[in-house]
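As numbered in my numbering, residues -8 to 519 make up the sequence shown, in order.
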Amino acid sequence: MHSSHFKDQRKPSIVILDFGSQYSELIARRVRETNVYSLVMSYTTSAEVLQEIAPKGIILSGGPASVYSKDAPVCDPLIWNLGIPVLGVCYGMQLMVKQLGGEVEAASGKAEYGKASLSIDNPKGLLENIIDGSVMWMSHGDSVNTLPDGFIRLAHTSNTLEAAIALFDKQLFGVQFHPEVIHSSQGIDIIRNFVYKICTCKPDWTTNTFIDEAIAQVRKQVGKKRVLLALSGGVDSSTLAFLLHKAIGDQLTCMFIDQGFMRKGEPEFLMNFFDKKFDINVEYINARSRFINKLLGIKDPEEKRKIIGAEFIRVFEEESNRLGPFDYLAQGTLYPDVIESAGTNLDPKTGERVAVKIKSHHNVGGLPKDLQFKLVEPLRRLFKDEVRKVGKALGLPDEIVRRHPFPGPGLAIRILGEVTSEKLNCLRDADFIVRDEIRKAGLYHEIWQAFAVLLPVCSVGVMGDKRTYAWPIVIRCVSSEDGMTADWSHLPYELLENLSNRIVNEVEGVNRVVLDITSKPPGTIEWE
Ligand code: XMP
């Protein structure tokens, strides 16, 4: 049976059919923000499969195509007759109109991008309690010009006559704007109207129900077998450790590999926290000398990453053999790792990405063939913000739940060129000061990442009566939503002054501090 995939798992209350929009994931997140469980599935998902999953509603995403183009993605036309309410967004609405006998007009100077004020013609159902004139975000070339039989207009804008439409008999709705984006001021209220009023969903997707279900599932999956987890101290692996500990107690062994590139005090903090305070089995593996020896003389960034990744796997393999045998490997795979926005790559029966790869940036990717584990991935249905909530509910402190991202290869890719112990010590001290001052200024949570970079060049300075010839430290602070694009943070001068003073005074080997004011693109966040 198609829905067997969902046998042990919660079925989605709302299915989002993905037509390749960059916003499909965002729609899923917005629906979940209303405590209703949603999954993204391919637009090719058949009406038969949808009938088996029996969601309470379907949302058709936007997409880059025009409904008139030759390869325009189309959904199964039987979905209009399933008796399940449908909301078409942008392309999704145009497809609904076209398939049901209306007309869509190709872009003809009437394209509309950006904010538009919504004039409400009929507030029933979808637009209940939406303020007349509220701002919605538009991004379309084509527009609907003739509605199919039975449809009525719910709202218009100055450029778009059919901005929101409905066929009440069949519970079919369409909006030309994007209610999922933040610029649509009451967009979330429209989504709420759809899921609660039209689809009659219950707000039953909560952190606590997730935790209960995940624990039951993990217990069922692993039985009495042993599970290994590579703990990095990041929010995903830490939340996973807490969740698994709660589910299977001592059947869980965490392995914390200290490659020597962590930040100041971090290994000690992690061991104290997990092992001592919460009595979670953590094996501390001191592999510092192995890693730094492997990097001797290596200057090329890509080569450094490869060497670190390969050495991580070697240590992991040796240590898991020593501590094992283990039947399962736990991974902090998240929902965005499983789905991909391009609809064609989603399995139309399960909504999962067709080729699911082992998460590579945890450095466990590419495990040797003879080291085969079965995988335990209880977070694979969650978005990052949901993981944070789960972590917090399980008792993880803000220090872990809200910490900045930190790359797997750690400080090694923040020392340009060859990595030495001396440079590592220097960078570790400077990095500590950067984060310390940012915290004191109350800016830690407003910044995506704040760190120091060490440049392997020397410049002349003077300290006291002595001439110095030492390294500069770069301060790199960026704001970002997802790490894909970023802007440099406009830090107050006073903070910059403190940073500069403290770093040159307190950090041995540094006589100059500079500020990186490059956005991404063209720069990357990390320097290597
Ligand atoms: P870039 O430097 O590409 O970084 O702008 C984007 C985000 O990814 C993080 N990053 C990594 N994370 N392993 C990781 O786990 C890595 O090798 C790695 N390289 C970059 C970076 O810190 C930023 O958040």
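For every residue, glycine included, the Cβ atom is placed at its ideal position computed from N, Cα and C.
Check: residue i C-beta below 6 Å from any heavy atom of the ligand XMP
i	result
P46	no
E517	yes
P396	yes
K511	yes
F399	Note that residue 399 is Gly in the sequence shown here, rather than Phe. Yes, the ligand XMP has a heavy atom inside 6 Å of this Cβ.
G323	no
G474	yes
Residue i to residue j span [Cα, whole Å]
i	j	result
L117	H147	14 Å
T35	V6	13 Å
P107	E96	Per the sequence shown, the amino acid found at residue 107 is Ala instead of Pro. Approximately 19 Å between the Cα atoms of the pair.
D376	Y460	46 Å
E368	T324	6 Å
V397	R296	Strictly speaking, residue 397 in this sequence is Phe, with Val absent from that position. About 14 Å.
K193	Q42	19 Å
P55	D62	12 Å
P400	L231	21 Å
A333	G342	Because A333 sits at a pLDDT of 45, beneath the cut-off of 50, its placement in the model cannot be relied upon, and the following sentence gives the value as read from the coordinates. Approximately 12 Å, taken between the alpha carbons.
N272	Y326	27 Å
G124	A154	13 Å
K161	I49	13 Å
L138	D473	39 Å
K457	G225	43 Å
R144	F10	24 Å
R467	W196	38 Å
R21	G408	43 Å
E257	E485	28 Å
M262	S29	37 Å
P68	L337	19 Å
R379	S223	16 Å
N184	W71	20 Å
M159	K115	For clarity, residue 159 is Phe in the given sequence; the question names Met instead. For F159 and K115, the distance between alpha carbons rounds to 9 Å.
Q242	K215	7 Å
S52	I330	14 Å
F247	K431	29 Å
D318	L8	36 Å
K526	N120	The displayed coordinates of the chain run from -8 to 519. Any statement about residue 526 would go beyond what the structure contains.
G386	S228	14 Å
V213	F(-3)	18 Å
E520	S470	There is no way to answer for residue 520, as the model of the chain reaches only from -8 to 519.
T476	G141	44 Å
K414	S33	49 Å
N199	T25	15 Å
Q0	R371	12 Å
Y187	I283	56 Å
D328	I304	21 Å
V448	W479	23 Å
Residues near residue i by beta carbon distance below 8 Å, same chain, minus five either side
i	result
I206	L234, K237 and A238
G514	D507
L418	L402, R405, I406, A443, V444, L445 and I464
A421	A443, L445, I464, I494, V498 and V501
Residues near residue i in its chain [Cβ-Cβ closer than 7 Å; skip 5 each side]
i	result
Y104	M129 and S130
Q85	V58, V95, D133 and V135
F201	V381
I122	Q177
N489	E428
A38	D67, L69, I70 and L73
Cβ neighbours of residue i in the same chain (closer than 6 Å, five flanking residues each side left out)
i	result
S351	Reliability of the predicted coordinates at S351 is poor, the pLDDT of 44 falling under 50, and no value is obtained from them.
H395	Q440
K47	S4, C190 and C192
I111	L118, D123 and A146
P76	G48, Q162, I189 and C190
is_contact[residue i, chain B] using C-beta, thresh 7 Å
i	result
K188	Absent here is chain B; the protein component of the structure consists of one chain.
The segment 205 to 225 in contact with the segment 277 to 294 per 3-pair CB rule at 8 Å: No contact exists between the segment 205 to 225 and the segment 277 to 294.
Three-pair Cβ contact test at 8 Å for the segment 243 to 252 versus the segment 396 to 411: These segments touch.
Segment contact flag, the segment 148 to 168 with the segment 72 to 84, C-beta cutoff 8 Å, min 3 pairs: Because the criterion of three Cβ pairs below 8 Å is met, the segment 148 to 168 and the segment 72 to 84 touch.
The segment 210 to 224 contacting the segment 310 to 319, beta-carbon criterion three pairs below 8 Å: Three or more pairs of CB atoms, one per stretch, sit closer than 8 Å, so the segment 210 to 224 contacts the segment 310 to 319.
Stretch pair the segment 168 to 182 + the segment 16 to 33: three plus CB contacts closer than 8 Å: Touching, yes, given that three or more Cβ pairs across the two stretches are closer than 8 Å.
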